[in-house]
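With the first letter of the sequence shown counted as 1, position 125 gets the number 125 in this note's numbering; the numbers rise by one all the way through.
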Amino acid sequence: MNQPIGVFDSGYGGLTVLREIVQKLPQYDFVYLGDNARTPYGTRSFDTVYHYTLECVQHLFDQGCRLVILACNTASAKALRNIQQLDLPTLAPDRRVLGVIRPTTEVIGTYSKTGNVGILATRGTVTSESYLVEIEKFFPDLQVFQEACPMWVPLVENGEYASPGADYFVKQHLDRLLAQSPEIDTILLACTHYPLLLNKIRQFAPQGATILSQGGIVADSLADYLQRHPELEAQCSKHGQRTFLTTDSTEDFDRQATVFYGQPVQSSHLAL
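Have a look at this one:
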């Protein structure tokens, strides 16, 4: 039986994470599920995000996944803890669901020399304060500043990430973040869409600032996790297969996903 590793996102952004994971762990099978019919999650309530995420995780379990990565910051912030603590013990005690926030917060402090870091994220992630809570556990002395960037996801999804129109919104939010502390020397892109804006962000960020995307960090963390859990790793199938599922139009998904994933994508429709 095929037992791929599941990767879930509310839309396309998680493909920037999957791309890095596949590069690091090409031998494993992966199934990606984008809940494009109900995106964006960033503006939705905790309860709604939790129920949507749980439903999609259940679908990935049905696909044979023993391990599911929530490659969505909003889902990681608003749903992961509930799923891990309330649902898995009764629903699927032998399966695991991991997020993207913890791997990032475990290492972020090692990149900063000034002890001041900035978080750029969706409004949902910022208001959840998940990054503040998690960073506090690993780097209690770190000064953390957040800025919500509500226009960035629409810019990316409408293909405007390289346009002159994006300059205004990228500069506006970076200026607001840096106004909170001129000492910020490390900036985390805490939304998986934001790597597509990386060139613009570098343009308006302070010279020498470290800009962190999550994909590489999550890929390293997953490789480490599999090494530390050999009983789970042994159950993951390894045929180098990639499967893509979307809850919306496959045509739209394939066109957009190719931009995020960096190579052609062919998806199937999943009816919820």
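Positions of the beta carbon are idealized from the N, C-alpha and C atoms, including for glycine.
Note that the structure is a prediction, hence the values are computed from the model and not measured.
- Between residue 5 and the set 174, 53, 176 and 70, the nearest pair of CA atoms involves 70.
- In terms of Cβ geometry, residue 197 and residue 211 do not form a close pair [threshold 8 Å].
- Inter-residue distance for residue 251 and residue 63 is about 22 Å (C-alpha atoms, whole angstroms).
- Contact between residue 246 and residue 267 holds: CB atoms are separated by about 5 Å, below the 8 Å threshold.
- As the crow flies, the alpha-carbon of residue 170 is around 33 Å from that of residue 82.
- Looking from the CA of residue 253, the closest CA among 60, 188, 37 and 272 belongs to 37.
- Look at the beta carbons and you see the segment 133 to 153 not touching the segment 218 to 228: under three pairs across the two are nearer than 8 Å.
- Contact between the segment 115 to 123 and the segment 131 to 148 is present, with at least three C-beta pairs closer than 8 Å.
- Judged by beta-carbon spacing, residue 57 lies beyond the 8 Å limit of residue 32, meaning their Cβ atoms are not closer than that value.
- Here the segment 159 to 170 makes no contact with the segment 124 to 137; the two share fewer than three CB pairs at distances below 8 Å.
- Each of 230, 93 and 99 was checked against the Cα of residue 215, and the nearest Cα belongs to 99.
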